[in-house]
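A.B. asks: Here the first sequence stands for residues 62 to 783, where the numbers follow my numbering.
No residue lacks a Cβ here, since even glycine has one placed at the ideal position from N, Cα and C.
One structure coming up, written as structure tokens, with questions to follow.
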Amino acid sequence: MAVNASLTRKLCNPSNLTSLYSLPTKIRPLDPATVSPFEFPAPVSSQAFDYSFYASLINKSTHKNHLNQIHAQLLVSGSQDDRLLITKLINSGVAFGEIRYARNIFDEFREPDLFLWNAIIRGYSRRNMFGDVIELYLRMQVASVSPDCFTFPSVLKACCGLPALRMGCRVHGQIFRHGFESDVFVQNVLVALYAKCGQIGPARVVFDGLCDRTVVSWTSIISGYAQNGDPMEALRIFSQMRQSNLKPDWIALVSVLKAYTDVDDLIQGKSIHGCVIKMGLEDEPDLLISLTAMYAKCGQVTVARSFFDQMETPSLTLWNAMISGYAKNGYAEEAVGLFREMISKKIRIDSITMTSAILACAQVGSLELARWMDDYTTSSEYRNDVFVNTALIDMYAKCGSVDLARTVFDRTVDKDVVVWSAMIVGYGLHGQGREAIDLYYTMKQHEVCPNDVTFVGLLTACNHSGLLEEGWKLFHHMRDYGIEPRHQHYACVVDLLGRSGHLEQAYDFIMKMPIEPGVSVWGALLSACKIYRHVALGEYAAQQLFTLDPYNTGHYVQLSNLYASARLWDCVGKVRVLMKEKGLSKDLGYSLIEINGKLQAFLVGDKSHPRHKEISEELERLEKRLKEAGFVPHTESVLHDLNYEETEETLCNHSERIAIAFGLISTPPGTTLRLTKNLRACVNCHSATKFISKLVNREIVVRDATRFHHFKDGFCSCGDYW
DNA sequence: ATAGGGTTAG
Numbered sequence: 062m063a064v065n066a067s068l069t070r071k072l073c074n075p076s077n078l079t080s081l082y083s084l085p086t087k088i089r090p091l092d093p094a095t096v097s098p099f100e101f102p103a104p105v106s107s108q109a110f111d112y113s114f115y116a117s118l119i120n121k122s123t124h125k126n127h128l129n130q131i132h133a134q135l136l137v138s139g140s141q142d143d144r145l146l147i148t149k150l151i152n153s154g155v156a157f158g159e160i161r162y163a164r165n166i167f168d169e170f171r172e173p174d175l176f177l178w179n180a181i182i183r184g185y186s187r188r189n190m191f192g193d194v195i196e197l198y199l200r201m202q203v204a205s206v207s208p209d210c211f212t213f214p215s216v217l218k219a220c221c222g223l224p225a226l227r228m229g230c231r232v233h234g235q236i237f238r239h240g241f242e243s244d245v246f247v248q249n250v251l252v253a254l255y256a257k258c259g260q261i262g263p264a265r266v267v268f269d270g271l272c273d274r275t276v277v278s279w280t281s282i283i284s285g286y287a288q289n290g291d292p293m294e295a296l297r298i299f300s301q302m303r304q305s306n307l308k309p310d311w312i313a314l315v316s317v318l319k320a321y322t323d324v325d326d327l328i329q330g331k332s333i334h335g336c337v338i339k340m341g342l343e344d345e346p347d348l349l350i351s352l353t354a355m356y357a358k359c360g361q362v363t364v365a366r367s368f369f370d371q372m373e374t375p376s377l378t379l380w381n382a383m384i385s386g387y388a389k390n391g392y393a394e395e396a397v398g399l400f401r402e403m404i405s406k407k408i409r410i411d412s413i414t415m416t417s418a419i420l421a422c423a424q425v426g427s428l429e430l431a432r433w434m435d436d437y438t439t440s441s442e443y444r445n446d447v448f449v450n451t452a453l454i455d456m457y458a459k460c461g462s463v464d465l466a467r468t469v470f471d472r473t474v475d476k477d478v479v480v481w482s483a484m485i486v487g488y489g490l491h492g493q494g495r496e497a498i499d500l501y502y503t504m505k506q507h508e509v510c511p512n513d514v515t516f517v518g519l520l521t522a523c524n525h526s527g528l529l530e531e532g533w534k535l536f537h538h539m540r541d542y543g544i545e546p547r548h549q550h551y552a553c554v555v556d557l558l559g560r561s562g563h564l565e566q567a568y569d570f571i572m573k574m575p576i577e578p579g580v581s582v583w584g585a586l587l588s589a590c591k592i593y594r595h596v597a598l599g600e601y602a603a604q605q606l607f608t609l610d611p612y613n614t615g616h617y618v619q620l621s622n623l624y625a626s627a628r629l630w631d632c633v634g635k636v637r638v639l640m641k642e643k644g645l646s647k648d649l650g651y652s653l654i655e656i657n658g659k660l661q662a663f664l665v666g667d668k669s670h671p672r673h674k675e676i677s678e679e680l681e682r683l684e685k686r687l688k689e690a691g692f693v694p695h696t697e698s699v700l701h702d703l704n705y706e707e708t709e710e711t712l713c714n715h716s717e718r719i720a721i722a723f724g725l726i727s728t729p730p731g732t733t734l735r736l737t738k739n740l741r742a743c744v745n746c747h748s749a750t751k752f753i754s755k756l757v758n759r760e761i762v763v764r765d766a767t768r769f770h771h772f773k774d775g776f777c778s779c780g781d782y783w
């Protein structure tokens with residue numbers, strides 16, 4: 062089979078997929094902690110009490126039991142009131158993860174001083190037990206112990222998250238009252254706190270108020286902007302930092318790399334890589350993770366992989382960076398492969414690994430693989446993770462089953478906006494606009510506030526179902542939630558208006574847009590013009606597109622399709638010439654079909670399959686039956702329709718048809734056929750597949766470049782509207 | 001104290 066490199070990359074190696082199914086479904090439990098014996102010296106008499114003796118003993122401990130023995134000794138020797146030693150015991154208890162034990166020691170102490178309070182508060186803060194932190198902090202105030210610069214960082218950490226931010230603001234006030242408003246240590250934590258709560262404004266105010274900024278202050282504000290979707294500002298501040306002659310440390314570089322990762326600026330990212338080498342930090346394993354992530358996200362997966370391979374034992378985070386880097390750049394097969402490797406090598410996996418692997422499966426599109434992934438997840442400890450469940454919902458929807466997506470949705474506890482949105486988007490993908498809208502109202506009943514993505518999903522759902530009025534209403538609903546429409550939202554409205562034939566209104570709407578119309582908006586107008594053969598307006602839209610996005614093949618193809626639909630064959634030819642001049646060629650069409658968990662690929666007119674003979678017999682049979690059933694091929698315009706597949710061959714040689722024929726001879730009667738196409742459904746194949754679904758009494762599910770079609774009994778779920 | 005890998009849309 063003659064396939065180009067990018068195609069080979071997209072297709073999955075079936076043997077990889079099938080071997081995945083035989084893997085164990087349980088995640089390995091962690092090894093139980095082993096307790097090494099502790100050599101406790103002979104009991105000492107009370108007069109032999111020595112602070113440094115006990116201190117070194119505590120330092121040597123490795124288990125709670127050791128601490129217990131020392132504590133007992135302190136009691137025997139009457140030194141149980143030594144604040145420094147008790148603080149040390151508490152700190153060690155925390156370090157061993159024995160927070161309850163540390164708390165007992167603390168509770169036994171009469172009138173704890175500031176050191177003890179700090180130790181136990183810090184302990185809870187390290188274990189992320191924020192409720193206890195706040196409770197103890199309040200009790201400390203009741204006990205009239207004044208906090209100091211060691212108390213505030215732990216307490217502020219506990220104020221992360223919007224609901225706790227009110228507490229954070231109160232603590233901010235107390236920091237002033239206790240005179241720590243110029244303590245860099247405390248102020249740095251305040252910057253980080255506000256930034257983590259998405260309050261970048263207040264974070265900036267605190268940062269600007271600092272007179273002696275340390276590397277940590279700069280790093281906090283840089284990562285604050287990087288985390289809050291403003292990487293450009295993060296980078297601006299980074300250059301200010303360098304002007305102030307402060308040398309960035311490796312953590313600062315990690316934050317900057319994150320910003321470049323989001324900006325998708327490989328050139329600048331590389332220059333930071335240069336910085337890393339100049340500063341001799343290239344062996345810093347944690348910096349390597351950021352570099353890997355940066356290169357992977359900017360599409361340089363091979364470079365990223367070389368970093369990965371140079372580590373003898375990659376950390377979990379590095380595995381995750383590599384897997385998600387692959388998954389996000391269309392290297393689904395590699396991503397799933399690495400995940401498989403982790404399982405077979407019994408390497409520890411976390412919810413981030415799961416999420417990234419699920420994302421990759423969503424791209425593969427195999428329902429069987431999706432099911433396997435779901436089973437694996439449900440039998441693991443991540444079955445209630447919101448991120449994982451959201452990814453599963455998305456995966457099932459993209460693998461063709463809204464029903465299974467709904468099952469995951471229903472079993473997800475504590476649904477946030479993203480969960481609801483993923484389900485709404487899923488309904489939209491399958492053209493179930495009504496269900497999407499219903500779910501939106503249910504979501505509001507649950508008092509979950511929609512976001513901009515929710516509306517992209519809703520508007521797309523309306524498009525895929527032709528719900529003009531509902532879409533229009535929803536678009537205006539956005540402002541009630543203070544959501545500014547973005548390009549996608551405008552594009553959806555243009556699509557809605559255009560597809561329902563309101564071309565003039567669509568054009569007026571574009572002219573009145575408060576933001577500069579972008580590629581998606583003009584693209585929507587152009588495809589509407591194609592449907593209604595509005596050549597003049599379509600040419601205008603195409604002109605805008607050629608200026609904004611000159612090297613995107615899709616726009617030329619669309620214009621050519623418009624000309625073809627209006628039978629302006631000369632113009633079709635001109636577009637072809639134009640494309641040639643720019644060195645653009647259209648994508649080759651292919652279809653995948655899943656048979657018994659294996660994906661099989663077919664190109665246009667594909668004759669390479671081992672069962673080619675049987676397939677062509679089936680194709681002939683099908684064509685005969687189609688004719689008898691009264692199917693008339695839409696030859697003329699389709700034959701010139703560049704959007705679809707190469708037309709040198711006859712229409713029934715489109716990859717979709719071949720894949721269906723193969724599916725019919727490879728599965729028992731009544732089995733649902735599941736196909737994935739890289740291009741959009743062509744008019745001719747679409748109506749042929751409707752006929753076929755009735756003739757052979759099969760359900761046929763087709764995922765095209767933009768949505769799903771469910772063919773059944775001669776009808777398609779899209780209502781011929783796509 | 002400061003950070004890196006994750007979900008919906010594009």
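Beta-carbon within less than 8 angstroms of L177's beta-carbon, same chain only, minus the 5 sequence neighbours each way: which residues are those?
C.D. replies: For the purposes of this step, residue 177 is taken as the residue at position 116 of the first sequence. So the qualifying residues of the chain are R144, I147, T148, I151, F167 and F170.
A.B. asks: List the DSSP bridge partners of S278.
C.D. replies: Your numbering for residue 278 matches position 217 in the first sequence. Looking at the DSSP assignment, S278 forms no beta bridge with any residue, so it has no partner.
A.B. asks: Could you check what DSSP says for T69 in three-state terms: helix, strand or coil?
C.D. replies: For this step, residue 69 is matched to residue 8 along the first sequence. Annotation note: pLDDT 34 at T69 (below 50); position unreliable, coordinate value reported separately. Three-state DSSP puts T69 in a helix.
A.B. asks: Shortest alpha-carbon distance to E343 belongs to which of K319, T322, M372 and D325?
C.D. replies: Sequence index remark: in the first sequence, residue 343 carries index 282 (1-based). Among K319, T322, M372 and D325, the Cα nearest to that of E343 belongs to M372.
A.B. asks: For N758, count neighbouring Cβ atoms within 10 angstroms of its own Cβ and tell me buried if that reaches 16, exposed if not.
C.D. replies: As a first step, residue 758 must be located in the first sequence, where it is residue number 697. When all chains shown are included, N758 counts as exposed.
A.B. asks: Check whether the segment 474 to 482 and the segment 745 to 764 are in contact - that is, three or more C-beta pairs closer than 8 angstroms.
C.D. replies: The segment 474 to 482, when compared against the segment 745 to 764, does not touch it at the 8 angstroms Cβ threshold.
A.B. asks: List the endpoints of the continuous beta strand (DSSP E) containing Y651.
C.D. replies: Residue numbering aside, residue 651 sits at position 590 when the first sequence is read from its first letter. Residues Y651 to I656.
A.B. asks: Under three-state DSSP, which class holds Q141?
C.D. replies: Taking the first sequence and counting its residues from 1, one reaches residue 141 at position 80. If DSSP states are grouped into helix, strand and coil, Q141 belongs with coil.
A.B. asks: Can the beta-carbon of A9 be found closer than 8 angstroms to that of F400?
C.D. replies: The requested residue 9 is not part of the displayed model; the chain covers only 62 to 783.
A.B. asks: Among the residues of its own chain, which have a CB less than 6 angstroms from the CB of V137, if the five just before and after it don't count?
C.D. replies: Locating residue 137 in the first sequence gives position 76, counting from the first residue. So the list is empty, once near-sequence residues are dropped.
A.B. asks: Tell me whether the segment 713 to 725 and the segment 654 to 674 touch, counting them as touching only if at least three CB pairs, one residue from each stretch, are closer than 8 angstroms.
C.D. replies: With the cut-off at 8 angstroms, the segment 713 to 725 and the segment 654 to 674 touch.
A.B. asks: Could you give the residue range of the beta strand (DSSP E) that holds F752?
C.D. replies: What you label residue 752 is simply residue 691 of the first sequence in a count that begins at 1. Careful: F752 lies outside any beta strand (DSSP E), inside the alpha helix (DSSP H) at V744 to L756.
A.B. asks: Touch check for the segment 504 to 521 and the segment 484 to 496: three-plus C-beta pairs under 8 angstroms?
C.D. replies: Cβ pair count under 8 angstroms is three or more, so yes.
A.B. asks: Round the Cβ separation of A313 and W279 to the nearest angstrom and send it over; I've been treating them as touching at under 8 angstroms.
C.D. replies: What you label residue 313 is simply residue 252 of the first sequence in a count that begins at 1. What you label residue 279 is simply residue 218 of the first sequence in a count that begins at 1. Contact flag correct, Cβ pair sits at about 6 angstroms.
A.B. asks: Helix, strand or coil for A219? Go by DSSP, reduced to three states.
C.D. replies: For the purposes of this step, residue 219 is identified with residue 158 of the first sequence, where counting begins at 1. It is coil, neither helix nor strand.
A.B. asks: How would you call D765, buried or exposed, if buried means at least 16 neighbouring beta carbons within 10 angstroms?
C.D. replies: Position 704 of the first sequence, counting from 1, holds the residue named residue 765. By the neighbour-count rule (16 or more Cβ atoms within 10 Å), D765 is buried.
A.B. asks: Over the uninterrupted alpha helix (DSSP H) stretch that includes I592, give me the two end residues.
C.D. replies: By 1-based counting over the first sequence, the position of residue 592 is 531. Looking at the DSSP string, the run of the alpha helix (DSSP H) that includes I592 is V580 to Y593.
A.B. asks: Just curious, the beta strand (DSSP E) that Y761 is in, first and last residue?
C.D. replies: By 1-based counting over the first sequence, the position of residue 761 is 700. Reading the sequence as shown, one finds Ile at residue 761 and not Tyr. Residues I761 to R764.
A.B. asks: Name the DSSP beta bridge partners of R735, please?
C.D. replies: Position 674 of the first sequence holds residue 735. Answer by DSSP bridge pairing, in chain order: V762.
A.B. asks: For A602, which of I592, T614 and S588 has the nearest alpha-carbon?
C.D. replies: Indexing the first sequence from 1 puts residue 602 at position 541. Minimum Cα distance to A602 is reached at S588.
A.B. asks: Is C779 buried or exposed, if buried means 16 or more other CB atoms sit within 10 Å of its CB?
C.D. replies: The sequence position of residue 779 within the first sequence is 718, counting from 1. Under this definition C779 is a buried residue.
A.B. asks: Quick one: Cα of Y551 to Cα of A264, how far?
C.D. replies: Position 490 of the first sequence, counting from 1, holds the residue named residue 551. Position 203 of the first sequence, counting from 1, holds the residue named residue 264. Cα-Cα distance, rounded: 33 angstroms.
A.B. asks: Kindly indicate the opening and closing residues of the alpha helix (DSSP H) around A662.
C.D. replies: On the first sequence, residue 662 is found 601 positions in, with the first residue counted as 1. Looking at the DSSP string, A662 is not in any alpha helix (DSSP H); the run it does join, the beta strand (DSSP E), is K659 to L664.
A.B. asks: Does the beta-carbon distance from M403 to I413 come in below 8 angstroms?
C.D. replies: For the purposes of this step, residue 403 is taken as the residue at position 342 of the first sequence. For the purposes of this step, residue 413 is taken as the residue at position 352 of the first sequence. Against a cut-off of 8 angstroms, the Cβ pair of I413 and M403 comes out as no contact.
A.B. asks: Report the rounded CA-to-CA distance for L645 versus D631, giving the unit in angstroms.
C.D. replies: Translated into positions along the first sequence, residue 645 becomes position 584. Translated into positions along the first sequence, residue 631 becomes position 570. Approximately 19 angstroms between the Cα atoms of the pair.
A.B. asks: Going by Cα to Cα distance, which pick from I753, Q141 and K389 is closest to C359?
C.D. replies: Translated into positions along the first sequence, residue 359 becomes position 298. Nearest C-alpha to C359: K389.
A.B. asks: Short of 8 angstroms in beta carbon distance, which residues of its chain neighbour I676, apart from the five on each side in sequence? Order them along the chain.
C.D. replies: The residue given as residue 676 occupies position 615 in the first sequence. The residues are H670, I719, A722, F723 and I726.
A.B. asks: Tell me the rounded alpha-carbon separation between Y387 and G518.
C.D. replies: For the purposes of this step, residue 387 is taken as the residue at position 326 of the first sequence. For the purposes of this step, residue 518 is taken as the residue at position 457 of the first sequence. For Y387 and G518, the distance between alpha carbons rounds to 25 angstroms.
A.B. asks: I need the straight-line Cα distance from R637 to N622, nearest angstrom please.
C.D. replies: In the first sequence, counting from the first residue as 1, residue 637 sits at position 576. In the first sequence, counting from the first residue as 1, residue 622 sits at position 561. Taking the straight line joining both Cα atoms gives about 11 angstroms.
A.B. asks: Look up K786 in the DSSP assignment and say whether it is helix, strand or coil.
C.D. replies: What is shown of the chain runs 62 to 783, which leaves residue 786 out entirely.
A.B. asks: Would a C-beta distance cut-off of 8 angstroms place A784 and L348 closer than the cut-off?
C.D. replies: Outside the shown range of the chain (62 to 783) lies residue 784, about which nothing can therefore be said.
A.B. asks: Classify C784 as helix, strand or coil using the three-state DSSP reduction.
C.D. replies: Summary: the structure shown does not reach residue 784, with the chain confined to residues 62 through 783, and so no result is reported for it.
A.B. asks: As an exercise, report each continuous alpha helix (DSSP H) stretch of at least 4 residues that is fully enclosed by the segment 238 to 298, in chain order.
C.D. replies: Qualifying alpha helix (DSSP H) stretches, in chain order: 245 to 257, 261 to 269 and 276 to 288.
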